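These notes are about the structure you will find just below.
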Amino acid sequence: MEHKTDILSKSLDEIKRDLISMGEKSFRGEQIYEWLYKKGVTSFHEMTNLPQTLILKLESQYSIGTLRLLKRLISKDRHTIKYLYLLGDNNIIECVVMKYHHGNTLCLSTQVGCAMGCSFCASGAGGLVRNLSVGEMTAQLLITDRDISELGWGRITGMVLMGSGEPLDNYDNTLEFLHQIHNPKGFNMGWRSITLSTCGMVPKIRLLADEGISINLAVSLHASNDEMRRRIMRIANVYSIKDVIEASRYYFEKTGRRVTFEYALIQDENDKPEHAEELAYILREFPCHVNLIPLNENMHSSSKRSRIQAINKFESVLKSAGISVTRRREMGPDIQGACGQLKASFLNGTADFKTEEAESSNGKYQRI
Ligand code: SAH
Numbered sequence: 001m002e003h004k005t006d007i008l009s010k011s012l013d014e015i016k017r018d019l020i021s022m023g024e025k026s027f028r029g030e031q032i033y034e035w036l037y038k039k040g041v042t043s044f045h046e047m048t049n050l051p052q053t054l055i056l057k058l059e060s061q062y063s064i065g066t067l068r069l070l071k072r073l074i075s076k077d078r079h080t081i082k083y084l085y086l087l088g089d090n091n092i093i094e095c096v097v098m099k100y101h102h103g104n105t106l107c108l109s110t111q112v113g114c115a116m117g118c119s120f121c122a123s124g125a126g127g128l129v130r131n132l133s134v135g136e137m138t139a140q141l142l143i144t145d146r147d148i149s150e151l152g153w154g155r156i157t158g159m160v161l162m163g164s165g166e167p168l169d170n171y172d173n174t175l176e177f178l179h180q181i182h183n184p185k186g187f188n189m190g191w192r193s194i195t196l197s198t199c200g201m202v203p204k205i206r207l208l209a210d211e212g213i214s215i216n217l218a219v220s221l222h223a224s225n226d227e228m229r230r231r232i233m234r235i236a237n238v239y240s241i242k243d244v245i246e247a248s249r250y251y252f253e254k255t256g257r258r259v260t261f262e263y264a265l266i267q268d269e270n271d272k273p274e275h276a277e278e279l280a281y282i283l284r285e286f287p288c289h290v291n292l293i294p295l296n297e298n299m300h301s302s303s304k305r306s307r308i309q310a311i312n313k314f315e316s317v318l319k320s321a322g323i324s325v326t327r328r329r330e331m332g333p334d335i336q337g338a339c340g341q342l343k344a345s346f347l348n349g350t351a352d353f354k355t356e357e358a359e360s361s362n363g364k365y366q367r368i
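Per the numbering used here, the sequence shown runs over residues 1 to 368.
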């Protein structure tokens, strides 16, 4: 394999510096950046305002992303598209686009696998394989954005870091990636259109609060007391719920962004009315939001989804305690829209790809 630098891992300033050392003018950096981030081109030859000599130089030095589209699955209701991407080292990652009335949200992966080992999560079942690079995160956004616009869905308008991986465990690359796509000369995604979800790495939440970027923070709590949380999430052996809430409060104070606590309801584990009362108590006087997630059952865990009556009751207890609460809308269950499940079933050959599956419309992506 050729060893070219992935230009999607480079900031605009770095591209400009490279251009100057090639004997080129630095304004070409802005042109290249626009092609990459505003037009989503996949070849330097598409950059029609660059001289041919520069195109050849760029081509010999850089690649544009290292991802290959493996599968694209569109849910029957046409509200969700799931993408499986092959990385340069043959690892596979997935991301999902969800269509809402206010725009298209991309759910993006930050790691291959995950080290956090939450009991119900398919992504962490095999442990952490490796961090994704800045370019690999950027490519998920750019390739997916171009693909959905070719499908007539418009652009990606928001992003949640809720695919596989723990974003705060890949802190530096994730932050660089966020700055990259926020750059108004590039993709220009607003901070408020981005949500980072964490299992609660307390010191990193505080670090993030001090970055001066007002992205939304979601914290996976999933339990109303520490003993329960330790049964469900390994990270609870390191940080108490009190630590997690204090760090979240700090995040809110520094950024002004309301924190969301995610709570996956697991039958007979964390879904009793008394757990809802306990949760309301520990979140009292904190202007936060709770997002209830009906558990997605998967082959890596024996955890069962709570019954609908239990979910309703849990929600109503929180509401009557004055907690702001919503229930996560379920999207794309027919394409295994959730949490590492498509990749898992793809790898062991049980994925049901009879769901409507569209070929890349211009055949750009090689398929295996
Ligand atoms: N590591 C980050 C982000 C990845 S997962 C985090 O822990 O927040 C995004 C959300 O999906 C988290 O709240 C996670 O706990 C939840 N999740 C993972 N597997 C799930 C499953 N099988 N059912 C429901 N929610 C799940």
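Idealized CB from N, CA, C, for every residue including glycine. A quick note: this is a predicted structure, and the numbers were derived from the prediction, not measured.
Kindly give me the distance between the Cβ atoms of residue i and residue j, rounded to whole angstroms, as I take these residues to be in contact under 8 angstroms.
{"i": "P137", "j": "N173", "result": "Residue identity check: residue 137 is Met in the sequence provided, not Pro. Contact holds; Cβ gap of about 7 angstroms."}
{"i": "W191", "j": "H179", "result": "Not quite, the Cβ-Cβ distance comes to about 10 angstroms (not below 8 angstroms), so this is no contact."}
{"i": "V97", "j": "I156", "result": "7 angstroms"}
{"i": "N219", "j": "E262", "result": "What sits at residue 219 in the sequence shown is Val, not Asn. So it is a contact: roughly 7 angstroms between Cβ atoms."}
{"i": "C288", "j": "R328", "result": "C288 to R328, Cβ: 16 angstroms. No contact."}
{"i": "E277", "j": "N225", "result": "Actually they are not in contact, since the Cβ atoms of E277 and N225 sit about 11 angstroms apart, beyond 8 angstroms."}
{"i": "I323", "j": "A280", "result": "5 angstroms"}
{"i": "I64", "j": "L36", "result": "7 angstroms"}
{"i": "T105", "j": "V160", "result": "6 angstroms"}
{"i": "L108", "j": "G163", "result": "5 angstroms"}
{"i": "G103", "j": "G158", "result": "6 angstroms"}
{"i": "K76", "j": "W153", "result": "Actually they are not in contact, since the Cβ atoms of K76 and W153 sit about 16 angstroms apart, beyond 8 angstroms."}
With a threshold of 8 angstroms on Cβ separation, who are the neighbours of residue i within its own chain once the five nearest residues in sequence on each side are excluded?
{"i": "R305", "result": "L265, I266, Q267, P294, L295, N296, E297"}
{"i": "R206", "result": "A247, Y250, Y251"}
{"i": "I20", "result": "S26"}
{"i": "L245", "result": "Here residue 245 turns out to be Ile, not Leu, going by the sequence shown. The residues are I282, L283, F286."}
{"i": "Q31", "result": "M47, N49, L50"}
{"i": "E211", "result": "L175"}
{"i": "T260", "result": "T195, N216, L217, A218, V219, C288, H289, V290, N291"}
{"i": "N237", "result": "R230"}
{"i": "I311", "result": "L265, D271, L292, P294, R327"}
By Cβ distance, which residues of its chain are closer than 6 angstroms to residue i, with the 5 residues on each side in sequence left out?
{"i": "Y62", "result": "K4, T5, I7"}
{"i": "G88", "result": "T66"}
{"i": "A223", "result": "R229, I232, N270"}
{"i": "K71", "result": "L84"}
{"i": "P273", "result": "K313, V317"}
{"i": "A139", "result": "L8, G65, L67"}
{"i": "P167", "result": "T110, L161, T174, L196"}
{"i": "G165", "result": "S109, T110, Q111, C114"}
{"i": "R307", "result": "none"}
{"i": "E357", "result": "Below a pLDDT of 50, predicted positions are generally treated as unreliable, and E357, at 39, falls in that range; no measurement from the model is reported."}
{"i": "W221", "result": "The residue asked about is misnamed: residue 221 is Leu in this sequence, not Trp. Cβ within range, chain order: F261, Y263."}
Can you tell me which residues form a DSSP beta bridge with residue i?
{"i": "G158", "result": "T105"}
{"i": "H294", "result": "The sequence shown places Pro at residue 294, rather than the His named in the question. Paired residue(s): L265."}
{"i": "D6", "result": "S63"}
{"i": "N131", "result": "Q111"}
{"i": "H289", "result": "T260, S324"}
{"i": "Y85", "result": "L69, I93"}
{"i": "Y100", "result": "G103"}
{"i": "V219", "result": "T198, F261"}
{"i": "M305", "result": "Here residue 305 turns out to be Arg, not Met, going by the sequence shown. Bridge partners of R305: I266."}
{"i": "I74", "result": "I81"}
For residue i, I'd like the list of residues in its chain whose CB is within less than 7 angstroms of its CB, leaving aside the five on either flank, ordered along the chain.
{"i": "C58", "result": "Note that residue 58 is Leu in the sequence shown, not Cys. So the list reads F44, once near-sequence residues are dropped."}
{"i": "G126", "result": "G113"}
{"i": "Y33", "result": "L12, I15, K185, G186"}
{"i": "S9", "result": "S133, V134, G135"}
{"i": "Y239", "result": "G200, V202"}
{"i": "G29", "result": "L12, I15, K16, L19"}
{"i": "K319", "result": "V325"}
{"i": "A209", "result": "Y250, Y251, K254, T255"}
{"i": "I143", "result": "G65, L67, L69"}
{"i": "D243", "result": "V202"}
{"i": "S301", "result": "S119, F120"}
{"i": "H275", "result": "S224"}
{"i": "E315", "result": "L292, V325, R327"}
{"i": "E227", "result": "none"}
Should residue i be flagged as near chain D, meaning a C-beta pair shorter than 9 angstroms?
{"i": "D271", "result": "Among the chains in the structure shown there is no chain D, since it carries only a single protein chain."}
message: Quick test of the definition: if touching needs 3 or more C-beta pairs under 8 angstroms, does the stretch 45-60 touch the stretch 22-29?
response: yes
query: Taking contact to mean at least 3 C-beta pairs separated by less than 8 angstroms, is the stretch 126-140 in contact with the stretch 110-118?
result: yes
field: Sufficient close CB pairs (3 or more, under 8 angstroms) joining the stretch 65-83 to the stretch 137-155
entry: yes
task: Check whether the stretch 215-229 touches the stretch 33-45, counting contact only when three or more Cβ pairs, one atom from each stretch, lie closer than 8 angstroms.
output: no
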